[in-house]
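J.: Handing you a structure now.
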Amino acid sequence: MPDTVPRPPPLELSADGWKRFEFDWKNYLVAAELTKKPSAVKVAILLSVCGPEAQDRFKSFTWNEDNDACDIDKVMKKFEECTPVENTTVERFKFNSRQQKPGEPIKEYVAELRRLAVTCKFENISSDDIMNQLIWDKIVVGLPDATLRTRLLEEGSEITLNKAIQMIACSEQVRL
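Here the working numbering = 1-based position in the sequence shown + 141.
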């Protein structure tokens, strides 16, 4: 099984790229049965899959102890420290600027809003429900069909996010 597990794609040194790579890397270690390998072996494997840009960055790291460069946890921490910090304001701007594209099904639009919402840190505002409320607001604002938007506005707080998604999806099916 370990030989058939695809390696993670190279690390892109951006906030989003690091998160994606870290997730892929951790899954790769488990799937390829590498979790029990010595730390130095994990570092060597990491460097063989992370790509030239990340390898160059690794070469520029300074270490407190000589053997720190062979400690996978310390290497991962160094990569995390050198990637840009996400700007929540920019992420929320991207979220709020996202409009439903002509012909884009509501379910794809909502999936994209959910993906964008993850980096907005809405969950830190108050409760888990706030994310659904903000997605609901964004659907209403970004809906290209003015008649359907009016219907949703008329329903107001009587309609749930899932019910609105179903309603819009049905409307999309009728138009096909």
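For every residue, glycine included, the Cβ atom is placed at its ideal position computed from N, Cα and C.
In the structure shown, what three-state DSSP assignment does R148 receive?
T.: In the sequence shown, residue 148 corresponds to position 7, counting from 1. The answer is coil: DSSP assigns R148 none of H, G, I, E or B.
J.: Buried or exposed: which applies to P147, given that a residue is buried once 16 or more other Cβ atoms fall within 10 Å of its Cβ?
T.: Residue numbering aside, residue 147 sits at position 6 when the sequence shown is read from its first letter. So P147 ends up on the exposed side.
J.: Is the Cβ-Cβ distance between K279 and T229 less than 8 angstroms?
T.: By one-based count along the sequence shown, residue 279 stands at place 138. By one-based count along the sequence shown, residue 229 stands at place 88. It is not a contact, given that the beta carbons lie outside the stated cut-off.
J.: Buried or exposed: where does C311 fall if 16 or more other Cβ atoms within 10 Å of its Cβ makes it buried?
T.: Position 170 of the sequence shown, counted from the first residue, corresponds to residue 311. Result: exposed.
J.: With respect to the alpha helix (DSSP H) encompassing G158, which residues constitute its N-terminal and C-terminal limits?
T.: Position 17 of the sequence shown, counting from 1, holds the residue named residue 158. Here the alpha helix (DSSP H) through G158 covers 156-172.
J.: Start and end of the alpha helix (DSSP H) containing G114?
T.: The question about residue 114 has no answer here: the residues shown for the chain are numbered 142 through 317.
J.: Roughly how many angstroms lie between the CA atoms of R198 and V259, to the nearest whole one?
T.: Here residue 198 refers to the residue found at position 57 when the sequence shown is read from its first residue. Here residue 259 refers to the residue found at position 118 when the sequence shown is read from its first residue. Answer to the nearest angstrom: the Cα atoms are 27 angstroms apart.
J.: May I have the straight-line CA-CA distance separating K160 from V315, to the nearest angstrom?
T.: Locating residue 160 in the sequence shown gives position 19, counting from the first residue. Locating residue 315 in the sequence shown gives position 174, counting from the first residue. Straight-line Cα distance between these residues: approximately 40 angstroms.
J.: If we call anything under 8 angstroms between Cβ atoms a contact, is I247 one with I309?
T.: Within the sequence shown, residue 247 is the residue found at index 106, counting from 1. Within the sequence shown, residue 309 is the residue found at index 168, counting from 1. Cβ atoms of I247 and I309: closer than 8 angstroms.
J.: Quick check on the burial criterion: 16 or more other C-beta atoms within 10 angstroms. Buried or exposed for M142?
T.: Position 1 of the sequence shown holds residue 142. Any reading at M142 must be qualified, since the residue scores a pLDDT of 47, below 50, and its modelled position is unreliable; the value itself is stated next. Under this definition M142 is an exposed residue.
J.: Would you mind listing the alpha helix (DSSP H) stretches within the region 203-255 that are 4+ residues and don't spill past its ends, in chain order?
T.: With a minimum length of 4 residues, the continuous alpha helix (DSSP H) runs that stay inside the region 203-255 are 213-223, 229-238.
J.: Could you pull the start and end residues of the alpha helix (DSSP H) that D270 belongs to?
T.: Against the sequence shown, residue 270 aligns to sequence position 129. Segment 270-283, the alpha helix (DSSP H) holding D270.
J.: In three-state DSSP terms, what is I306?
T.: In the sequence shown, residue 306 corresponds to position 165, counting from 1. DSSP places I306 in helix when its eight states are reduced to three.
J.: Verify whether the separation of the beta carbon atoms of S155 and P243 is less than 8 angstroms.
T.: Looking up residue 155 in the sequence shown gives position 14. Looking up residue 243 in the sequence shown gives position 102. Result no, Cβ atoms of S155 and P243 do not sit closer than 8 angstroms.
J.: Do you know how far the Cα of L293 is from the Cα of A305?
T.: Within the sequence shown, residue 305 is the residue found at index 164, counting from 1. Within the sequence shown, residue 293 is the residue found at index 152, counting from 1. Rounded to the nearest angstrom, the two C-alpha atoms are 7 angstroms apart.
J.: For A195 versus F234, is the C-beta distance shorter than 8 angstroms?
T.: As a first step, residue 195 is located in the sequence shown; it is residue number 54 there, counting from the start. As a first step, residue 234 is located in the sequence shown; it is residue number 93 there, counting from the start. No, these two residues do not count as a Cβ contact at 8 angstroms.
J.: Measure from the alpha carbon of C223 to the alpha carbon of each residue in K177, F236, L152, then state which is nearest.
T.: The residue you call residue 223 lines up with position 82 of the sequence shown. Measuring from the Cα of C223, the nearest candidate turns out to be L152.
J.: Looking at the structure shown, is M142 part of a helix, part of a strand, or coil, going by DSSP?
T.: As a first step, residue 142 must be located in the sequence shown, where it is residue number 1. Caution applies to M142, whose pLDDT of 47 falls short of 50 and renders its modelled position unreliable; the value that the coordinates give is listed next. Three-state result, M142: coil.
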